[in-house]
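Its first residue numbered 3, the sequence shown is counted upward by one per residue in our numbering.
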Amino acid sequence: MTKDITFTETPLGTDQEAPKIEFPCLYPIKVIGVSAPGFEALAINVLERHAGKISEELIEFNASKNGNYVSVRVTIAATGPDQLENIFAELKTIEHVKMVL
Numbered sequence: 003m004t005k006d007i008t009f010t011e012t013p014l015g016t017d018q019e020a021p022k023i024e025f026p027c028l029y030p031i032k033v034i035g036v037s038a039p040g041f042e043a044l045a046i047n048v049l050e051r052h053a054g055k056i057s058e059e060l061i062e063f064n065a066s067k068n069g070n071y072v073s074v075r076v077t078i079a080a081t082g083p084d085q086l087e088n089i090f091a092e093l094k095t096i097e098h099v100k101m102v103l
């Protein structure tokens with residue numbers, strides 16, 4: 003004897019709202035891209051253009067196992083949603099960027 007199981011689907015975004023961010027705040031941004039000369043410096047340059055000078059303690063680099071990709075994780079002082087949108091948009095224009103989180 004088998005039982006019929008019915009699944010009900012809830013459309014995404016109908017029951018839950020995205021968490022609200024209170025500005026100003028510290029906000030981590032991760033840029034993942036192809037490991038290429040100058041990639042890390044270029045990503046940091048973009049972030050500093052929008053968020054000001056970033057302390058070295060707030061920057062982390064991680065290479066992939068085979069060294070083909072690198073991630074740059076930077077914590078910035080975020081001032082508002084417009085700033086974050088501008089940062090994400092500019093980072094995505096960098097040739098070697100694969101993902102911005």
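The beta-carbon is built from N, C-alpha and C at its ideal position, and this holds for glycine as well.
Rounded C-alpha distance that separates residue i from residue j
i	j	result
L49	E62	13 Å
N47	D84	18 Å
K22	E87	15 Å
I31	K67	21 Å
V105	G54	Since the first and last residues shown for the chain are 3 and 103, residue 105 lies out of range.
L103	V76	11 Å
K120	E58	This structure gives no information on residue 120, because the portion of the chain shown stretches from 3 to 103.
Identity of the residue in the options nearest residue i by Cα
i	options	result
A91	V33, Y29, F25, E24	V33
H52	K67, H98, Y29, P21	Y29
P39	G69, I89, S57, K55	G69
Proximal residues to residue i (C-beta, below 7 Å), its chain only, five neighbours per side dropped
i	result
T81	F25, P26
K5	Below a pLDDT of 50, predicted positions are generally treated as unreliable, and K5, at 48, falls in that range; the measurement from the model is reported next regardless. Excluding positions up to five away in sequence, the list is empty.
Under 8 Å between C-beta atoms of residue i and residue j
i	j	result
L44	I96	yes
I89	I56	no
Close Cβ partners of residue i (< 8 Å) along its chain, the five nearest in sequence each way excluded
i	result
Y71	I34, G35, V36, S37, A65, K100
Nonlocal neighbours in the same chain, by C-beta distance under 6 Å from residue i, ignoring five residues either side
i	result
F41	G35, H98
Notebook entry, point to check: Which ranges would you report for the alpha helix (DSSP H) in the segment 62-97 if only whole runs of at least 4 residues count?
Noted result: 83-93
Margin query: Which complete beta strand (DSSP E) runs does the segment 21-67 hold, if anything under 3 residues is left out?
Written below: 27-36, 61-65
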